[in-house]
Amino acid sequence: MGYSRTIPFAEAVAEIAPDLTVSDLRGDITLTRTPQGLYVQGKLMARVQGECSRCLDAALVELTGRLGEMYYYPANTAPADALTIPEDLNLDLAPEIRDDMLLSQPMHVLCRPECKGLCPTCGVNLNLEQCDCVDDDIDPRLAKLKDLLN
Ligand SMILES: [Zn+2]
Ligand SMILES: [Zn+2]
1 MGYSRTIPFA EAVAEIAPDL TVSDLRGDIT LTRTPQGLYV QGKLMARVQG
51 ECSRCLDAAL VELTGRLGEM YYYPANTAPA DALTIPEDLN LDLAPEIRDD
101 MLLSQPMHVL CRPECKGLCP TCGVNLNLEQ CDCVDDDIDP RLAKLKDLLN
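Written out as structure tokens, the structure reads:
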């Protein structure tokens with residue numbers, strides 16, 4: 001009771017779920033015994049390969065998975081919908097970590113904050129080269145007219 005143990009993680013590559021393989025998994029998780037079971041708490045960080053939403057280049061996405069869950073033991077003492085420790089005592093934290101990591105994914109992935117993106121006219125990657133397209137900053141009133149014509 002009250003016994004706790006911290007497990008450090010440092011994995012170059014880790015498959016958290018069939019749909020989530022990450023690199024550079026790091027952080028730690030602390031398991032604490034309580035009268036109800038085990039309280040699992042911690043934070044893991046990892047990276048996945050993503051795509052920059054501006055230039056479509058490969059971009060590393062930083063994910064964070066936070067845990068703060070009570071795992072009840074024995075399972076039949078658990079309230080409805082609570083997490084439990086299975087009879088074989090193999091505690092699988094991966095589903096919770098997977099869900100939290102996927103939720104931590106940013107809506108707009110960028111290869112770097114100052115990414116210039118692709119030229120909307122010719123499509124060149126403006127981080128790599130400068131194209132000759134003129135910036136057609138069209139008058140907003142004319143843009144409206146153009147919309148009507150379309
Ligand atoms: Zn980019
Ligand atoms: Zn261009």
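Everything in the sequence shown is counted per our numbering, starting at 1 for the first residue and increasing by one.
Backbone N, C-alpha and C define an ideal beta-carbon position, used for all residues, glycine too.
According to the DSSP assignment, I29 belongs to the beta strand (DSSP E) that extends over 20-34. Of all alpha-carbon atoms in P113, N76, L128, the one lying nearest the alpha-carbon of E87 is that of N76. Taking a cut-off of 8 Å for Cβ pairs, the stretch 15-34 and the stretch 91-103 touch, as three or more such pairs fall below it.
In the three-state reduction of the DSSP assignment, N76 falls in the helix class.
At a cut-off of 7 Å, the beta-carbon of G50 does not count as near ligand 1: no heavy atom of the ligand is closer than that. DSSP, read as helix, strand or coil, puts I97 in helix.
For D132, the shortest C-beta to heavy atom distance toward ligand 1 is 7 Å or greater.
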